[in-house]
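Input: a single structure, listed below in structure tokens.
Chains as they are written, first to last, in our numbering: chain Y, 4 to 199; chain Z, 4 to 183.
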């Protein structure tokens, strides 16, 4: 059986960010950071270059602090797998201004392309649903990505979790700022907050 | 996680003192892994409409969550037991590299009248783990020192931008009773 074609990750992320106004974006380390930066750098982007497993929780704390602003976490399957308990924690509140998009290629792309657990038997959308996340979706077609995009840039009624079946190959690395203090204060500045 | 840990007949007043200082420091997010020593404070946070009390599945979730809180302009606190501090070591790199103003309150196990030897390895290295990751450590042994220490720690964290952990000694909290 031949596998269905998978989404172009750069194109998919660019489409996810189409229609963005004031959305705050947290990216998981590795390729999701590069994909987001390739779409466009923004003071409202916070790129993780480490802290593996922390992206969804960081988005959750940010969403609680900024309840009238959409917060979007863009991460990978390996990063989400490392902090899977976060889905249970987030579901205790399911903030409607939080969306988590997992670019799922079933691979640890940064470390040599080893298979992740989603290439075996784990279904992250099902995990999120079982944890109680309010709206869970598994997308594999570009039309579905286009339909999802507007929902990421407005306030909803519950937390949204979506997996995107993306291509397995690596793309060129597009490296955005990696100074943590700069990234932190840049986002705070965009929200009208002082450094301390 | 432990059951009721207080051995004294008198209800301790320090959890309410901590809650007062957290209110004064405008703490809005209370992330916790349940612990007997923190039980009263967790109840106070849950009942406080100005605070979002969030149970975690593991302590490092709280480190990332409170980093997000600060990005969005809110103060938060992480409540946990000494056994969870080791879980945080890698995630504390986020705090260190971005200089996030972490405030963590840690109830100690494994140091005073401990019945369960499995608590000792992490209890005896709690300070060292924080210090290795550049988090300042304050320690409280006596009830009268709780409130001023929390006040100082909150100030160091939120005004000074310095990651700070307060260790609440097992002698203050009381040893967990396993067999009545």
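We put the beta carbon where it would ideally sit given N, CA and C, even for glycine.
All of these numbers come straight from a predicted model, not from anything done at the bench.
Check                                                                                                                                                                                                : Outcome
Using Cβ-Cβ distances below 8 Å, what residues of the region 97 to 120 of chain Z are close to chain Y?                                                                                              : 97, 100, 101, 102, 103 and 104
Using a Cβ-Cβ cut-off of 6 Å (strictly less than) and excluding sequence neighbours within five positions of residue 72 of chain Z, which residues of its own chain qualify?                         : 32 and 79
Is the beta carbon of residue 152 of chain Z less than 7 Å from the beta carbon of residue 169 of chain Z?                                                                                           : yes
From residue 109 of chain Z to residue 27 of chain Z, what does the alpha carbon distance come to, in whole angstroms?                                                                               : 20 Å
On a Cα-Cα basis, can you pick out the residue from Y:41, Y:51, Y:96 and Y:108 that is closest to residue 123 of chain Y?                                                                            : Y:108
Using a Cβ-Cβ cut-off of 6 Å (strictly less than) and excluding sequence neighbours within five positions of residue 62 of chain Z, which residues of its own chain qualify?                         : 36, 83, 87, 90 and 91
What number of angstroms, rounded off, separates the C-alpha of residue 184 of chain Y from the C-alpha of residue 87 of chain Y?                                                                    : 27 Å
Using a Cβ-Cβ cut-off of 7 Å, state whether residue 9 of chain Z counts as contacting chain Y.                                                                                                       : Low confidence applies to residue 9 of chain Z: its pLDDT is 46, below 50, so where it sits in the model is not reliable enough to give any reading.
Might you give, ordered along the chain, the residues of its own chain that have their beta carbon closer than 8 Å to the beta carbon of residue 135 of chain Z, omitting 5 neighbours on each side? : 92
Within 7 Å (strictly less), CB to CB, does residue 3 of chain Y reach chain Z?                                                                                                                       : It is not possible to answer for residue 3 of chain Y, since the shown part of chain Y is limited to 4 through 199.
Return the chain-ordered ranges of every alpha helix (DSSP H) run that is complete within the region 19 to 65 of chain Z and spans a minimum of 4 residues.                                          : 42 to 50
Taking the C-alpha atoms as reference points, what is the distance between residue 28 of chain Y and residue 65 of chain Y?                                                                          : 10 Å
Taking any Cβ of chain Z, which residues in the region 86 to 116 of chain Y have a Cβ under 8 Å from it, in chain order?                                                                             : 86, 88, 89, 91, 92, 95 and 96
Would you call the region 49 to 60 of chain Y and the region 15 to 34 of chain Y in contact, with 3 or more CB pairs under 8 Å?                                                                      : yes
Within its chain, find whatever has a CB closer than 6 Å to the CB of residue 163 of chain Z; leave out the 5 residues flanking it on each side and keep chain order.                                : none
Starting from residue 118 of chain Z, trace the alpha helix (DSSP H) both ways and give me its first and last residue.                                                                               : Where residue 118 of chain Z is concerned, there is no enclosing alpha helix (DSSP H), given that its DSSP letter is neither H nor E.
Less than 7 Å between the beta carbons of residue 127 of chain Y and residue 95 of chain Y, yes or no?                                                                                               : no
Does DSSP put residue 172 of chain Z in a helix, a strand or coil?                                                                                                                                   : coil
Under 8 Å, with one C-beta from each stretch per pair, do the region 129 to 147 of chain Z and the region 91 to 107 of chain Z reach the 3-pair mark?                                                : yes
Leaving aside the five residues before and after residue 62 of chain Y along the sequence, list all residues of the same chain whose C-beta is less than 7 Å from its C-beta, in chain order.        : 29, 74, 76, 101 and 103
Quick one: list the residues of chain Z neighbouring residue 47 of chain Y, beta-carbon separation under 7 Å, in chain order.                                                                        : The premise fails here: residue 47 of chain Y is roughly 10 Å from chain Z at the closest Cβ pair, so nothing lies under 7 Å.
Taking the C-alpha atoms as reference points, what is the distance between residue 150 of chain Z and residue 89 of chain Y?                                                                         : 32 Å
Return yes when the Cβ of residue 40 of chain Y is within less than 7 Å of the Cβ of residue 179 of chain Y, no when it is not.                                                                      : yes
Is it right to say residue 79 of chain Y is buried, meaning 16 or more other beta carbons lie within 10 angstroms of its own, or is it exposed?                                                      : buried
Any C-beta of chain Y within less than 8 Å: which residues of the region 37 to 50 of chain Z qualify?                                                                                                : none
Just checking my contact of residue 166 of chain Z with residue 98 of chain Z at CB under 8 Å: how many whole Å lie between their CB atoms?                                                          : 5 Å
Would residue 126 of chain Z and residue 114 of chain Z qualify as a contact pair, given that the criterion is a beta-carbon distance under 7 Å?                                                     : yes
Would you identify the three-state DSSP class for residue 182 of chain Y, choosing helix, strand or coil?                                                                                            : coil
In the DSSP assignment, what residue or residues form a beta bridge with residue 59 of chain Y?                                                                                                      : According to DSSP, which records beta bridges pairwise, residue 59 of chain Y is partnered with nothing at all.
What residues of chain Z sit near residue 130 of chain Y, judged by a beta carbon separation below 9 Å?                                                                                              : The contacting residues do not exist; residue 130 of chain Y stays about 13 Å from chain Z at best.
Counting only runs that start and end within the region 87 to 147 of chain Z, where is the beta strand (DSSP E) found for 3 or more residues in a row?                                               : 106 to 110 and 139 to 143
Can you confirm whether residue 87 of chain Z, when its beta carbon is compared against all beta carbons of chain Y, has any partner nearer than 7 Å?                                                : no
Going straight from the alpha carbon of residue 111 of chain Y to that of residue 174 of chain Y, what length do you get?                                                                            : 13 Å
Residues of chain Y with a CB under 8 Å from the CB of residue 79 of chain Z: which are they?                                                                                                        : 64
Specify the secondary structure class of residue 20 of chain Y as computed by DSSP and reduced to three states.                                                                                      : coil
Is residue 70 of chain Z close to chain Y, meaning its C-beta is less than 7 Å from at least one C-beta of that chain?                                                                               : yes
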